[in-house]
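Enquirer: Numbering of the sequence shown is given in the numbering used here, commencing with residue 2 and proceeding in unit increments.
Where a beta carbon is used, it is the ideal one built from N, C-alpha and C, also for glycine.
All values reported here derive from a predicted model rather than from experimental measurement.
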Amino acid sequence: MNTSAFNSWENKAFVVDEVARRVLEEARERCARDSQVTLETLLNESAQTLNSDGDAGHEKALLDLAKAYAEEIHGGINPHLHRLTAWILPWFLKLRLRHVASGGLASLEKRLHVNQNILLTGSVEHVRRLAERGTLILVPNHVSNFDSIVIGLGLHHANLPPFYYGAGLNLFRNPLLAYLLNNLGAYKVDRKKKNTIYKDTLKQYATFSIENGCHNLFFPGGTRNRRGGMDDYLKLGLLGCGLSAFEANVCNGKSKPDVFVVPITLSYGLVLEAQSLIDEHLREEGKSRYIARRDDVSGVGRMLRFWKHLRSVHSKIHLHFCEPLDLFGNAVDAEGYSRDGHGRAIERVKYLEVQGTPTAVLQRDQEYTRELGVAILKSYRRNNVILPTHAVAFAAFR
């Protein structure tokens, strides 16, 4: 299977079956590693009622559950719709502004050019060349609910291919929005599901997509940073999917097995939902002593005020492409070669070998992913763009 085949809805049944098969295999391995874990306990954790006894019945129940999860998660990319949406979105925002603007805001629509408000910096050409040599995983810091729109527009204007990304299941309740998301690379993530089988299904789905050349985007911080700073730690679950995919590609002799990781820093002079983020941060700091005010992100008027304020302080949203990394935290040059701290070329496959043969080793691979996480955090701090509002806020409150 290739990227276009994975994207096709006609192949959904195959994708679902393959992901479920992998989840069952992972469950068997989990049980073999830990005598306290059985297929029955995994199913009980998922609140499943067992209608049959014995391992065979448990395996069938687990397989059926994984298929149901994979069926729910699956998304696709329609290249024609993706290009059309990227072209229409800036104009749609301008039309909405023309419709609602009045009084002092009437001239805003004429001055608003969405593309001019987003400044692309960093290793854009470098990343574009690597996209032709392997599969990319973008790992941005998470500032705002506006991030997805900013990144989507930025990727389009950087002439980068479409990316798969996780979107909250609640966004799919609107039929029109669900149709768009289902065809623009979004796969569904139900954050209410915490059980092991669901998490394994989500990870196996992401891994399978990367194996088939589908570029992915993860927010490794997991959620928006309420403090307005850079993350202090990352969630490594989905990040580890890249290494699993690379190992599978090498073992299967894929012509383009490589997976590259690209940290991205997003810097806003103003954040759309700053009020509610501050409230949530203070609530966490003050616990029950703090009473938060309601301040959501919804409404075109709020979006309009955001753009107005952004323009009034002559601020741009900075989307910075950091130096690409391999899955072990090493820098990668524009030709796709990994380099150590002294600039010497590194043979990536050697990291996977056990007695000369590429082999998956759980604890070793987990350590590799932790080292990658450290490299991403260092990249965030090294490449973060400091804006005037950041400096003023730091001086005022420190």
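Cα separation between Leu66 and Ser380?
Expert: If I take the Cα positions, the gap works out to 39 angstroms.
Enquirer: If you draw a straight line from the alpha carbon of Ala207 to that of Phe398, how long is it in whole angstroms?
Expert: Roughly 41 angstroms separates the two Cα atoms.
Enquirer: By how many angstroms is the C-alpha of Val24 removed from the C-alpha of Glu41?
Expert: Roughly 15 angstroms between the two C-alpha positions.
Enquirer: Run through DSSP, which three-state label would Arg349 get?
Expert: It is helical.
Enquirer: As a quick exercise: from Lys255, Asn196, Val362, Val262, pick the residue whose alpha carbon is nearest that of Gly243.
Expert: Nearest of Lys255, Asn196, Val362, Val262 to Gly243, Cα basis: Val262.
Enquirer: From Asp148, Arg34, Gly153, pick the residue whose C-alpha is nearest to that of Trp88; which is it?
Expert: Residue Gly153 is the option with its Cα nearest to Trp88.
Enquirer: What does the Cβ neighbour count give for Val350, buried or exposed, with the cut at 16 atoms within 10 Å?
Expert: Per the 10 Å Cβ criterion, exposed.
Enquirer: Have a look at the DSSP bridge pairing and note the partners of Thr136.
Expert: Bridge partners of Thr136: Val260.
Enquirer: Excluding the 5 residues preceding and the 5 following Lys193 in the sequence, name in chain order all residues of the same chain whose CB lies nearer than 7 angstroms to its CB.
Expert: Excluding sequence neighbours, Lys193 sits near nothing in its chain.
Enquirer: Using DSSP's beta-bridge definition, name the partner residues of Tyr188.
Expert: Per DSSP, Gly167.
Enquirer: Along the alpha helix (DSSP H) that carries Leu40, what are the first and last residues, could you check?
Expert: 40 to 46 is the span of the alpha helix (DSSP H), which, as asked, contains Leu40.
Enquirer: Would you mind working out which of Val393, Lys257, Lys195, Glu27 sits nearest Asp132, comparing C-alpha positions?
Expert: Per the sequence presented here, residue 132 reads as Ala, with Asp not at that position. Ranking Val393, Lys257, Lys195, Glu27 by Cα distance to Ala132 puts Lys257 first.
Enquirer: Buried or exposed, going by whether 16 or more other CB atoms sit within 10 Å of the CB of Val355?
Expert: Per the 10 Å Cβ criterion, exposed.
Enquirer: Sorted by chain position, which residues of the same chain lie with C-beta nearer than 8 angstroms to Leu63's C-beta, five sequence neighbours on each side aside?
Expert: Result list for Leu63: Val24, Leu25, Ala28, Leu40, Leu43, Leu44, Ile198, in chain order.
Enquirer: So what does DSSP say about Ser268, is it helix, strand or coil?
Expert: Strand, per DSSP.
Enquirer: With a threshold of 7 angstroms on Cβ separation, who are the neighbours of Arg31 within its own chain once the five nearest residues in sequence on each side are excluded?
Expert: Result list for Arg31: Val38, in chain order.
Enquirer: Do Leu170 and Lys189 count as a contact pair if the criterion is CB distance below 8 angstroms?
Expert: Result yes, Cβ atoms of Lys189 and Leu170 sit closer than 8 angstroms.
Enquirer: The beta strand (DSSP E) spanning Ile150 covers which residue range?
Expert: Not the beta strand (DSSP E): Ile150 falls in the alpha helix (DSSP H), residues 148 to 158.
Enquirer: How long is the line joining the alpha carbons of Asp341 and Thr224, rounded to whole angstroms?
Expert: Roughly 31 angstroms between the two C-alpha positions.
Enquirer: I need the boundaries of the alpha helix (DSSP H) containing Gly374, first residue and last residue.
Expert: 363 to 384 is the extent of the alpha helix (DSSP H) around Gly374.
Enquirer: Got a sec, what are the start and stop residues for the beta strand (DSSP E) Thr441 sits in?
Expert: The structure shown has nothing for residue 441, since the chain only spans 2 to 399.
Enquirer: Is Thr122 close to chain D? Criterion is C-beta to C-beta, closer than 8 angstroms.
Expert: You won't find chain D in this structure, because it holds only one protein chain.
Enquirer: When the distance is taken between beta carbons, is Leu156 closer than 8 angstroms to Phe164?
Expert: Yes, the pair counts as a contact, with Cβ atoms nearer than the cut-off.
Enquirer: Would you tell me roughly how many angstroms separate the C-alpha atoms of Arg34 and Tyr234, rounded to the nearest one?
Expert: Distance between the alpha carbons of Arg34 and Tyr234 is about 27 angstroms.
Enquirer: Would you call the CB atoms of Pro141 and Leu271 closer than 8 angstroms?
Expert: No; because the gap between Cβ atoms is not below 8 angstroms, this pair is not in contact.
Enquirer: Give me, in chain order, the residues of the same chain whose beta-carbon lies closer than 8 angstroms to that of Lys236; leave out the 5 immediate sequence neighbours on both sides.
Expert: Hits under 8 angstroms: Pro221, Gly222, Gly223.
Enquirer: Need the endpoints of the beta strand (DSSP E) that Ile318 sits in, please.
Expert: It spans 318 to 322 - the beta strand (DSSP E) in which Ile318 sits, taken as one unbroken run.
Enquirer: Could you compute how far the alpha carbon of His81 sits from the alpha carbon of Ala57?
Expert: If you take the alpha carbons of His81 and Ala57, they lie about 44 angstroms apart.
Enquirer: What is the rounded straight-line gap between the Cα of Lys13 and the Cα of His391?
Expert: Straight-line Cα distance between these residues: approximately 46 angstroms.
Enquirer: What separation, rounded to the nearest whole angstrom, lies between the Cα atoms of Ala396 and Val386?
Expert: Each residue's alpha carbon lies about 17 angstroms from the other.
Enquirer: Looking only at its own chain, which residues have a Cβ that is under 8 angstroms from the Cβ of Val251, when we skip the five neighbours before and after it?
Expert: Contacts found: Pro258, Val350, Leu353, Pro359.
Enquirer: If you follow the alpha helix (DSSP H) that Ala335 is in, where does it begin and where does it stop?
Expert: Segment: none, Ala335 is in no alpha helix (DSSP H) and carries neither H nor E.
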